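Notes to accompany the following structure.
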Amino acid sequence: MTATLIMDRAEILKLLTGPSGLIDESPVEGEPPLATKVSLDLRIREIFAPDGAEGEAGSPSKPHSLLVLDQGHTAVITTQIIRLPQGISAIGFPPSTVSIQGLLTTNPGIIDAGYYGPLHLTVINMGRKPFPLRSGDRIMRLLLFRDAIIPGNAGPKKESQVDTDLIDRLSPDFLDFDRRAVKVAEDRVNKAELRIKGWQVGTTIVAAIGAFVLSNANFDKSLHDEIAGLKVQVSALQTEINPSPGAAALHSISDRVSRIETRLDAVVNNSQGPSKK
Numbered sequence: 024m025t026a027t028l029i030m031d032r033a034e035i036l037k038l039l040t041g042p043s044g045l046i047d048e049s050p051v052e053g054e055p056p057l058a059t060k061v062s063l064d065l066r067i068r069e070i071f072a073p074d075g076a077e078g079e080a081g082s083p084s085k086p087h088s089l090l091v092l093d094q095g096h097t098a099v100i101t102t103q104i105i106r107l108p109q110g111i112s113a114i115g116f117p118p119s120t121v122s123i124q125g126l127l128t129t130n131p132g133i134i135d136a137g138y139y140g141p142l143h144l145t146v147i148n149m150g151r152k153p154f155p156l157r158s159g160d161r162i163m164r165l166l167l168f169r170d171a172i173i174p175g176n177a178g179p180k181k182e183s184q185v186d187t188d189l190i191d192r193l194s195p196d197f198l199d200f201d202r203r204a205v206k207v208a209e210d211r212v213n214k215a216e217l218r219i220k221g222w223q224v225g226t227t228i229v230a231a232i233g234a235f236v237l238s239n240a241n242f243d244k245s246l247h248d249e250i251a252g253l254k255v256q257v258s259a260l261q262t263e264i265n266p267s268p269g270a271a272a273l274h275s276i277s278d279r280v281s282r283i284e285t286r287l288d289a290v291v292n293n294s295q296g297p298s299k300k
């Protein structure tokens with residue numbers, strides 16, 4: 024069973040400054056490699072956007088050097104080219120300063136001994152705010168492991184595997200955030216319009232009821248006045264009735280009273296409407 028040890032900063036710096044070198048190039052001129060006590064930080068080299076057509080900014084032939092990644096959006100990035108000797112492997116993962124801001128990297132993992140080339144990462148902004156991606160920014164932290172029994176140089180260099188087919192497989196909006204945001208806005212506008220229409224209909228109904236009540240109130244007042252007047256006439260006629268021996272006068276008064284009562288009944292019946300059977 025072979026022993027596997029994590030390399031410390033002194034060993035990492037020795038690889039960085041050795042004849043073959045651990046990193047081929049820096050995307051930002053003059054920026055030194057970022058070696059910590061037991062790890063090595065890699066920087067962003069190229070940035071690709073899945074919604075760019077070939078030849079446009081963000082396409083495989085024309086990568087971005089700066090891309091502001093909106094909430095829920097995706098991108099593909101490459102790191103600096105690394106050269107791992109035989110007998111040295113690595114594990115890559117995002118540094119906490121990146122992940123704590125909501126940037127999710129989907130494919131960190133083991134890097135085989137002897138690997139020579141860039142690393143490829145798919146990143147998704149899961150945070151609430153846009154996340155700027157810049158060439159030269161830290162994006163990946165490597166833990167290097169040494170196996171003393173298997174020495175040797177790195178294998179043949181691997182070229183970047185980022186092409187149009189790879190980019191086209193990705194959705195520019197991982198959570199479909201833009202479409203869902205538009206739908207939420209449309210739903211709220213529709214609900215507001217329905218409330219406005221409801222208020223308009225309610226106002227019309229209230230106005231109609233008010234007019235109906237007002238007209239009925241005026242009708243009831245005129246009916247009441249007419250009935251009161253008829254009652255006065257009946258009362259006046261009744262006072263004219265006395266035990267006079269004049270039969271003709273009594274008969275005339277009785278007829279007038281009957282006509283008034285008939286009119287009174289007709290008025291009351293008309294105010295009540297047709298009877299229902």
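Residues in the sequence shown are numbered from 24 upward in steps of one, following this note's numbering. A virtual CB, placed ideally from N, CA and C, is assigned to each residue, including glycine. Please read all numbers here as calculations on a predicted model, not as lab measurements.
Give me the Cα-Cα distance between residue i and residue j, rounded to the nearest whole angstrom.
i, j, result
"G137", "D170", "12 Å"
"S298", "L287", "Note that S298 scores 49 on pLDDT, short of 50, meaning its location in the model is unreliable; the coordinates nonetheless yield the value given after this. Going from the Cα of S298 to the Cα of L287 covers about 17 Å."
"F168", "I111", "5 Å"
"L107", "E209", "54 Å"
"I100", "L144", "5 Å"
"E34", "L165", "13 Å"
"A289", "I228", "33 Å"
"T97", "S84", "18 Å"
"E69", "G44", "21 Å"
"L63", "L217", "59 Å"
"V61", "L126", "23 Å"
"M24", "M30", "Bear in mind that a pLDDT of 45 at M24, under 50, signals an unreliable position, so the number given afterwards is only what the model happens to contain. Between M24 and M30, the C-alpha separation is close to 19 Å."
"L92", "R211", "27 Å"
"K37", "A76", "43 Å"
"R157", "G41", "28 Å"
"K300", "N292", "At K300 the pLDDT is 47, less than 50, meaning the model places this residue with poor confidence; the figure from the coordinates comes in the next sentence. Distance between the alpha carbons of K300 and N292 is about 15 Å."
"K74", "G81", "For the sequence presented, residue 74 should be read as Asp rather than Lys. Answer to the nearest angstrom: the Cα atoms are 8 Å apart."
Just to confirm, is the Cβ distance from residue i to residue j under 8 Å?
i, j, result
"K147", "T129", "According to the sequence displayed, residue 147 carries Ile and not Lys. Yes, these two residues count as a Cβ contact at 8 Å."
Using CA atoms only, rank isn't needed, just tell me which of the options is closest to residue i.
i, options, result
"P118", "M163, T59 and A98", "M163"
"I123", "G150, H87, E216 and G252", "G150"
"T102", "D47, S62 and G75", "D47"
"Q94", "I134, R32 and K152", "K152"
"F71", "P86, V212, L127 and I283", "P86"
"G115", "I104, I133 and I105", "I133"
"D135", "G75, I283, P56 and I105", "I105"
"R161", "G252, P56 and E77", "P56"
"A113", "L142, L92 and V91", "L142"
"A251", "S275, D278, I283 and R157", "I283"
Just confirm the distance between the C-beta atoms of residue i and residue j, as a whole number of angstroms; I'd bet it's less than 8 Å.
i, j, result
"L65", "P155", "L65 to P155, Cβ: 18 Å. No contact."
"G159", "I67", "6 Å"
"A58", "L39", "7 Å"
I'd like to confirm the pairing. Which residues does DSSP put opposite residue i in its beta bridges?
i, result
"N130", "Answer by DSSP bridge pairing: none, since N130 is not bridged."
"Y139", "R106"
"P155", "V91"
"R169", "L28 and I111"
"I219", "Beta-bridge pairing links I219 to no other residue."
"E69", "T101"
Compare the C-beta of residue i with all C-beta atoms of chain E and state if any pair is closer than 8 Å.
i, result
"V280", "Among the chains in the structure shown there is no chain E, since it carries only a single protein chain."
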